[in-house]
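*Asks:* This is the structure I want to talk about, given as structure tokens.
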Amino acid sequence: MSTSTPPRAPRTGARVSPARVARALAVVLVTLAGAGCAGADRPHVEGPAPTAGSNGPVYVTDALGHPLRRPAGIGLTEFSSVTELKWRSWGGDRAVATGRVGGNWCYGTCPEEGYPATVVLSRPERRENIAYYTRATVRSPKKLPEVARDELRSLHLIVPED
């Protein structure tokens, strides 16, 4: 059978000298002041450097200026829209999707579901920690009406102000 000493009861009313409190406080302050610093003239840096592709999400805006990510459809202008979009790429210098294109220029002359189309978004422009595609090109393997070809060749997209 082992013998153990019973725990001591805490001392009540014990006094701590002000000098001892001051020393302990000084140690804590010096420790906190130096935490995370490599010196006054040498900042402490951790983690990988940011790259162009890691600065946040990329959006496209519709004709009304609403930001969209990988949308199923976009109203590109007040006269033209693309629907049934299936994105092959998104977030880089270019975003590419296939879908259908139609517009006001199409009434009475186009197939009801519009024309098959490939949409290419390009020229992303940074706004703080996000980016917006600034150009859109829509092409179709079918012959679009001339007014549509001209309109969809190189669309300037809305980019929100800073």
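Under our numbering, the first residue of the sequence shown carries the number 33, and numbering increases by one thereafter.
In this text, a Cβ means the ideal position worked out from N, Cα and C, and glycines have one as well.
1. If you check the beta carbons only, do Gly105 and Leu117 fall under 8 Å apart?
2. Determine the contact status of Tyr165 and Pro192, defining contact as a CB-CB distance below 8 Å.
3. If you drop the 5 nearest sequence neighbours on each side, which residues of the same chain put their C-beta closer than 7 Å to that of Arg126?
4. By a C-beta neighbour count over all protein chains shown, 10 Å radius and 16 as the cutoff for buried, is Gly140 buried or exposed?
5. Out of Pro99, Leu108 and Pro103, which has the shortest C-alpha to C-alpha gap to Thr169?
6. Using only alpha-carbon positions, find the residue among Ile190, Pro177, Glu183 and Ser186 that is nearest to Cys138.
7. CB-CB under 6 Å to Val90, same chain, minus the five flanking residues each way: which ones, in chain order?
8. Would you mind listing the beta strand (DSSP E) stretches within the region 129 to 187 that are 3+ residues and don't spill past its ends, in chain order?
9. Just how far apart, CA to CA, sit Thr130 and Pro143?
10. For Thr93 versus Leu189, is the C-beta spacing smaller than 8 Å?
11. Pull up the distance between the alpha-carbon of Pro173 and that of Pro148, whole angstroms please.
12. Roughly how many whole angstroms lie between the Cα atoms of Asp182 and Arg102?
13. Would DSSP call Trp119 helix, strand or coil?
*Replies:* Put simply:
1. yes
2. no
3. Val152, Leu153 and Ser154
4. exposed
5. Leu108
6. Pro177
7. Gly123, Pro156 and Ala163
8. 147 to 159 and 162 to 171
9. 17 Å
10. yes
11. 7 Å
12. 25 Å
13. strand
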